[in-house]
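Undergrad: Respectively, the protein sequence lines represent chains A and B. When you line the first sequence up against this note's numbering, it's residues 5 to 394, in that order. When you line the second sequence up against this note's numbering, it's residues 5 to 394, in that order. All C-beta atoms, glycine included, are put in the ideal place defined by N, C-alpha and C.
Protein chains: 2
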Amino acid sequence: MHTFTYHSPTKIIFGQDTAPNLIPELHNAKISRVLVLTGGKSVYASGLHGAVADLLNQAGIRHETVSGVLPNPRLSKVREGVAAAKAIQAQAILPIGGGSVFDSAKAVAVGAASEYDIWDFMTRKHTIAAALPVYGILTLSGTSSEVNNTAVISNEATQEKFALAHELLIPRAAVVDPALQYSVPLNQVCYSGVDALSHVLEAYFESLDTSEVILEHCEAYAKTIIRCLRGLPGARENYDVRSELAFCSIYAHSGWASVGRARRGDFTSHRIGHALGGIFDVPHGVTLGILMPNWMRYVYDRGLCRDTFTRFATHIMGIKEAPDNDFALAGAQAFKDFVRSLGMPVSMREVGVKETDIPALAENASRSLPFGCVIPMDPEHIAGVLRQAL
Amino acid sequence: MHTFTYHSPTKIIFGQDTAPNLIPELHNAKISRVLVLTGGKSVYASGLHGAVADLLNQAGIRHETVSGVLPNPRLSKVREGVAAAKAIQAQAILPIGGGSVFDSAKAVAVGAASEYDIWDFMTRKHTIAAALPVYGILTLSGTSSEVNNTAVISNEATQEKFALAHELLIPRAAVVDPALQYSVPLNQVCYSGVDALSHVLEAYFESLDTSEVILEHCEAYAKTIIRCLRGLPGARENYDVRSELAFCSIYAHSGWASVGRARRGDFTSHRIGHALGGIFDVPHGVTLGILMPNWMRYVYDRGLCRDTFTRFATHIMGIKEAPDNDFALAGAQAFKDFVRSLGMPVSMREVGVKETDIPALAENASRSLPFGCVIPMDPEHIAGVLRQAL
Chain A
5 MHTFTYHSPT KIIFGQDTAP NLIPELHNAK ISRVLVLTGG KSVYASGLHG AVADLLNQAG
65 IRHETVSGVL PNPRLSKVRE GVAAAKAIQA QAILPIGGGS VFDSAKAVAV GAASEYDIWD
125 FMTRKHTIAA ALPVYGILTL SGTSSEVNNT AVISNEATQE KFALAHELLI PRAAVVDPAL
185 QYSVPLNQVC YSGVDALSHV LEAYFESLDT SEVILEHCEA YAKTIIRCLR GLPGARENYD
245 VRSELAFCSI YAHSGWASVG RARRGDFTSH RIGHALGGIF DVPHGVTLGI LMPNWMRYVY
305 DRGLCRDTFT RFATHIMGIK EAPDNDFALA GAQAFKDFVR SLGMPVSMRE VGVKETDIPA
365 LAENASRSLP FGCVIPMDPE HIAGVLRQAL
Chain B
5 MHTFTYHSPT KIIFGQDTAP NLIPELHNAK ISRVLVLTGG KSVYASGLHG AVADLLNQAG
65 IRHETVSGVL PNPRLSKVRE GVAAAKAIQA QAILPIGGGS VFDSAKAVAV GAASEYDIWD
125 FMTRKHTIAA ALPVYGILTL SGTSSEVNNT AVISNEATQE KFALAHELLI PRAAVVDPAL
185 QYSVPLNQVC YSGVDALSHV LEAYFESLDT SEVILEHCEA YAKTIIRCLR GLPGARENYD
245 VRSELAFCSI YAHSGWASVG RARRGDFTSH RIGHALGGIF DVPHGVTLGI LMPNWMRYVY
305 DRGLCRDTFT RFATHIMGIK EAPDNDFALA GAQAFKDFVR SLGMPVSMRE VGVKETDIPA
365 LAENASRSLP FGCVIPMDPE HIAGVLRQAL
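#1: May I ask you to verify whether the segment 189-204 of chain B touches the segment 248-257 of chain B, counting CB pairs closer than 8 Å and requiring at least 3?
#2: Would you call the CB atoms of Arg267 (chain B) and Cys377 (chain B) closer than 7 Å?
#3: Return the chain-ordered ranges of every alpha helix (DSSP H) run that is complete within the segment 63-100 of chain A and spans a minimum of 4 residues.
#4: Does the beta carbon of Ser414 (chain B) come closer than 7 Å to any beta carbon on chain A?
#5: If you follow the beta strand (DSSP E) that Arg37 (chain B) is in, where does it begin and where does it stop?
#6: Do the segment 17-32 of chain A and the segment 51-67 of chain A touch if we need at least three Cβ pairs shorter than 8 Å?
#7: Applying the 10 Å Cβ sphere with the 16-neighbour rule, what's the burial state of Glu359 (chain A)?
#8: Taking 7 Å as the CB-CB cut-off, is Ala224 (chain A) touching chain B?
#9: I want to verify the contact list: residues of chain B whose CB lies under 8 Å from the CB of Tyr395 (chain A), in sequence order.
#10: Relative to the C-alpha of Ser148 (chain B), which residue among B:Ser80, B:Phe125 and B:Val180 is closest?
#11: State whether the segment 166-177 of chain A contacts the segment 327-340 of chain A, with contact taken as three or more CB pairs (one from each stretch) at a distance under 8 Å.
#12: Identify every run of the beta strand (DSSP E) within the segment 92-162 of chain A, keeping only runs that are complete inside it and at least 3 residues long; order them along the chain.
#13: Mind checking who Ser12 (chain B) pairs with in its DSSP beta bridge?
#14: Note down, in chain order, every chain B residue with its Cβ under 7 Å from the Cβ of His221 (chain A).
#15: Report the three-state DSSP secondary structure of Phe251 (chain B) (helix, strand or coil).
#16: With 7 Å set as the bound, which would you pick, yes or no: does the beta-carbon of Glu359 (chain A) sit closer than that to a beta-carbon of chain B?
#17: Examine chain A for any beta-carbon lying closer than 7 Å to the beta-carbon of Thr228 (chain B), and answer yes or no.
#18: Hey, could you find the ends of the alpha helix (DSSP H) Glu164 (chain B) is sitting in?
#19: Quick one: is Asp285 (chain B) near chain A, going by C-beta distance under 7 Å?
#20: Alpha carbon to alpha carbon, how far is Gly40 (chain A) from Pro99 (chain B)?
#21: Rounding to the nearest angstrom, what Cα-Cα distance links Gly277 (chain A) and Ala332 (chain A) in this structure?
#22: Can you name, in chain order, every residue of its own chain whose Cβ lies under 8 Å from the Cβ of Glu223 (chain B), other than the five neighbours on each side?
#23: Check the Cβ of Phe251 (chain B) against every Cβ in chain A and list those closer than 9 Å, keeping chain order.
#24: I'd like the span of the alpha helix (DSSP H) that includes Val180 (chain A), first residue to last.
#25: What residues from chain C crowd round Thr131 (chain B), counting only those whose CB sits closer than 7 Å?
#26: If distances are taken between C-alpha atoms only, which option among A:Asp341, A:Ala239 and A:Gln95 comes closest to Pro182 (chain A)?
#27: Starting from Thr22 (chain A), find everything on chain B with Cβ-Cβ shorter than 7 Å and list it in chain order.
#28: With which residues is Ile400 (chain B) paired in a DSSP beta bridge?
#29: Hey, is the segment 5-21 of chain B in contact with the segment 9-21 of chain A, meaning 3+ C-beta pairs nearer than 8 Å?
#30: Keeping to the same chain, check which residues put their C-beta closer than 8 Å to that of Thr127 (chain A); ignore five residues upstream and five downstream.
#31: So, is the C-beta of Asp328 (chain A) closer than 7 Å to a C-beta in chain B?
#32: Can you pull out the residues from the segment 173-195 of chain B whose beta carbon lies closer than 7 Å to at least one beta carbon of chain A?
#33: Of the residues B:Arg310, B:Ala109, B:Gly72 and B:Pro363, which one's Cα is nearest the Cα of Val1 (chain B)?
#34: Buried or exposed: which applies to Glu241 (chain A), given that a residue is buried once 16 or more other Cβ atoms fall within 10 Å of its Cβ?
#35: For Ser247 (chain A), decide whether its Cβ has a neighbour in chain B, counting only Cβ atoms nearer than 7 Å.
#36: I want to see whether chain A comes within less than 7 Å of Asp244 (chain B), judged by CB atoms only; does it?
The structure is reproduced here in structure tokens:
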């Protein structure tokens, strides 16, 4: 087992109708002014926003709301949030939404505690020194943003998608109520589930060079996510299925999947996926469903990672027989088939990307080099993975 | 999956030679005066205490040391620690040791932040309102005290063993260096490993009424601990084996094994074990090795928990065939055989307890009622489990 530091201080408040349990957390931290951040209309239509507003009012906590955070959250909305937070001298940011809303809340939390423009932190012109605390209510599981230290924001002006990461961004408390997710369209649930799965697998595929118990806990999570997504069409309001998905999604990208490993995971599919999401506005989970199986095939064709892919095939995908006993190849194929079985695209062409778009995508992804450890990426490899994914 | 709150804010610093990484944590918290707490001579003989003292000196952190914490840690030593902490106006407590030293550090942390005697908090005469932060270095894994909110202290005057539990007691950071544990006598490593295993199983045996992924992560941990303890005689300085034991021990009693469950676990064996430890000074892990298999048999004989014990037998103990297909009974027997195979006692007689001691033990254990959920305990059941364990 490799040396690691694991720090996951978020208080997880998990279960149906647990949103009211967030109020004592704000009280204990002596917070009396919060900026609420939301996505689209669903949190209003469902009554959730109104219920939270009532709870805040009853608790004497002043609040304003900025809504309209989109998937692949935008810099402009973050700037709007920062201005609103400063206007009310917010002491905390309270996202109600999925990963995009949590990511935006973290960026707002940094911007509201600084005089610099938030994009300067994303381009590493400035280092984060302070951030308001984030207390959130999750309405779609997948990114682990409810517990991790990361925010990914798109700059629509430059078509760049960059990550912000700092310990100060880790939410203090997060309500994860699986029943709040019943109303999310099933295709979005699948995108988010594939996102969570890919977080486990980015770590798992790094190598088998860790202890057996680490491999086993990753396998338990990956298997569970796959089982739940497969059963989802008949289990939309099955609390246990939605709970397992929500539970595994919390830990998939909390750092937990990469404890005891030499590195924090490969993350090539994520980085190239950010380019695809940034330029073509493809949902994050869809980019991963396209890129990860194709990255596997690209790696396989170069004779690498065979033992890991073989264990993936047998321990996670449950493959018992493979043509020519080539379990590694069968594993990559089974992953692609699984994504397709969810009704998700498995090639870039299906989302409107043409071969002539590859240079621009490769150039964009190359801006966040270095990344990749199974194959340390360079512009040529990036273009190669993109061609494989065409 | 049942509603739960999980909060494990300790920063885990895991790996060989990671003790120096604790210093930046103290610095970041602006701590300049600490009370160091240790057990016996081993931390001096190994040079660890000297190395930590050097690190603290180099960092300009004033420190005093109180040593001599014993297994089944004593109230008198806690009071000595409180006095020493107050004398130097300590801002933090720094245990270097195993669970007993960490438990004592937590109690000192409470006592040093209050005018009341520490025992008044244990008897619930007073409620904890403040505690100094604890930053520790673990030298023997088993209790999860490095990450949980609990301290168990024995009052040698009254022969009582009580627990103190509060969120403020959770260590801020803990160094877990598996190589520091090589020098611990193997019988003590076994006691501590059985302690960690029992923490997982107290939760697991509660019932199967939770999600599959929760059962699977508990099974991964329990199986790993059993595998490592079985292999220990030939693997004393095998870093991977010791790492897996240390890793599973962190999470066994962090609250992680009981997320998603209706309750926090059964813990009958622990409560009765505290009586056994309090009166006869039997090491905590030994009391569990005696009581847990016998509690299982007592439960089995009343027709309860059969499905859980059956899954335990097949999924954790790896039993493939059982006489009369009675896997539940085979599981209880296999657990007892496993404890015996470690050279540990499996009956109270082996540690000098006689039948005539049972009333006093039962009376002592009854003082901490209510406990037990598989069988809600009462004085009669407590005496019954003790007779079974004779």
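TA: To lay it out plainly:
#1: yes
#2: Taking the first residue of the second sequence as position 1, residue 267 (chain B) is located at position 263. Taking the first residue of the second sequence as position 1, residue 377 (chain B) is located at position 373. Closer than 7 Å, so yes.
#3: 79-91
#4: A question about residue 414 (chain B) goes unanswered here, because the residues of chain B that appear run from 5 up to 394.
#5: The sequence position of residue 37 (chain B) within the second sequence is 33, counting from 1. Residues Arg37 to Thr42.
#6: yes
#7: Walking along the first sequence from the start, residue 359 (chain A) turns up at place 355. The residue is exposed, with fewer than 16 neighbouring Cβ atoms inside 10 Å.
#8: If you number the first sequence from 1, residue 224 (chain A) lands on position 220. Yes, Ala224 (chain A) counts as interfacial toward chain B.
#9: Outside the displayed range of chain A (5 to 394) lies residue 395 (chain A), so it cannot be described from this structure.
#10: What you label residue 148 (chain B) is simply residue 144 of the second sequence in a count that begins at 1. The residue with the shortest Cα to Cα distance from Ser148 (chain B) is B:Val180.
#11: no
#12: Within the segment 92-162 of chain A, the complete beta strand (DSSP E) runs of at least 3 residues are 96-101, 139-142 and 154-159.
#13: Position 8 of the second sequence, counting from 1, holds the residue named residue 12 (chain B). According to DSSP, which records beta bridges pairwise, Ser12 (chain B) is partnered with A:Ser12.
#14: Taking the first sequence and counting its residues from 1, one reaches residue 221 (chain A) at position 217. In chain order: His221 and Ala224.
#15: Taking the first residue of the second sequence as 1, we reach residue 251 (chain B) at position 247. Helix at Phe251 (chain B).
#16: Translated into the one-based positions of the first sequence, residue 359 (chain A) becomes position 355. At a cut-off of 7 Å between beta carbons, Glu359 (chain A) makes no contact with chain B.
#17: Within the second sequence, numbered from 1, the residue matching residue 228 (chain B) stands at position 224. Yes, Thr228 (chain B) counts as interfacial toward chain A.
#18: For the purposes of this step, residue 164 (chain B) is identified with residue 160 of the second sequence, where counting begins at 1. Here Glu164 (chain B) belongs to no alpha helix (DSSP H); instead the beta strand (DSSP E) covers Glu164 to Ala169.
#19: As a position in the second sequence, residue 285 (chain B) is number 281, starting the count at 1. Taking Cβ atoms only, chain A never reaches closer than 7 Å to Asp285 (chain B), which makes this a no.
#20: Position 36 of the first sequence holds residue 40 (chain A). Position 95 of the second sequence holds residue 99 (chain B). For clarity, residue 40 (chain A) is Val in the given sequence; the question names Gly instead. Between Val40 (chain A) and Pro99 (chain B), the C-alpha separation is close to 41 Å.
#21: For the purposes of this step, residue 277 (chain A) is taken as the residue at position 273 of the first sequence. For the purposes of this step, residue 332 (chain A) is taken as the residue at position 328 of the first sequence. Computed Cα separation, rounded: 23 Å.
#22: Position 219 of the second sequence, counted from the first residue, corresponds to residue 223 (chain B). These residues qualify, in order along the chain: Tyr208, His319 and Ile320.
#23: As a first step, residue 251 (chain B) is located in the second sequence; it is residue number 247 there, counting from the start. Here the neighbours are Met5, Ser215, Val217, Ile218, Val263 and Gly264.
#24: Against the first sequence, residue 180 (chain A) aligns to sequence position 176. Premise fails: Val180 (chain A) lies in the beta strand (DSSP E), Ala177 to Val180, not in any alpha helix (DSSP H).
#25: Among the protein chains in the structure shown, which are A and B, there is no chain C.
#26: Against the first sequence, residue 182 (chain A) aligns to sequence position 178. If we check each option's Cα against that of Pro182 (chain A), A:Ala239 comes out closest.
#27: Stepping through the first sequence from its first residue, residue 22 (chain A) is reached at position 18. Neighbours of Thr22 (chain A) on chain B, chain order: Thr7.
#28: A question about residue 400 (chain B) goes unanswered here, because the residues of chain B that appear run from 5 up to 394.
#29: yes
#30: What you label residue 127 (chain A) is simply residue 123 of the first sequence in a count that begins at 1. Result list for Thr127 (chain A): Phe166, in chain order.
#31: Residue mapping note: residue 328 (chain A) aligns to position 324 of the first sequence, counting from 1. No, because no Cβ of chain B sits closer than 7 Å to the Cβ of Asp328 (chain A).
#32: none
#33: Past the edges of chain B, shown from 5 to 394, lies residue 1 (chain B), and the structure says nothing about it.
#34: In the first sequence, counting from the first residue as 1, residue 241 (chain A) sits at position 237. Flag for Glu241 (chain A) reads exposed.
#35: Along the first sequence, one-based indexing puts residue 247 (chain A) at 243. Chain B, which has a Cβ nearer than 7 Å to the Cβ of Ser247 (chain A), makes this yes.
#36: Within the second sequence, residue 244 (chain B) is the residue found at index 240, counting from 1. Asp244 (chain B) counts as touching chain A.
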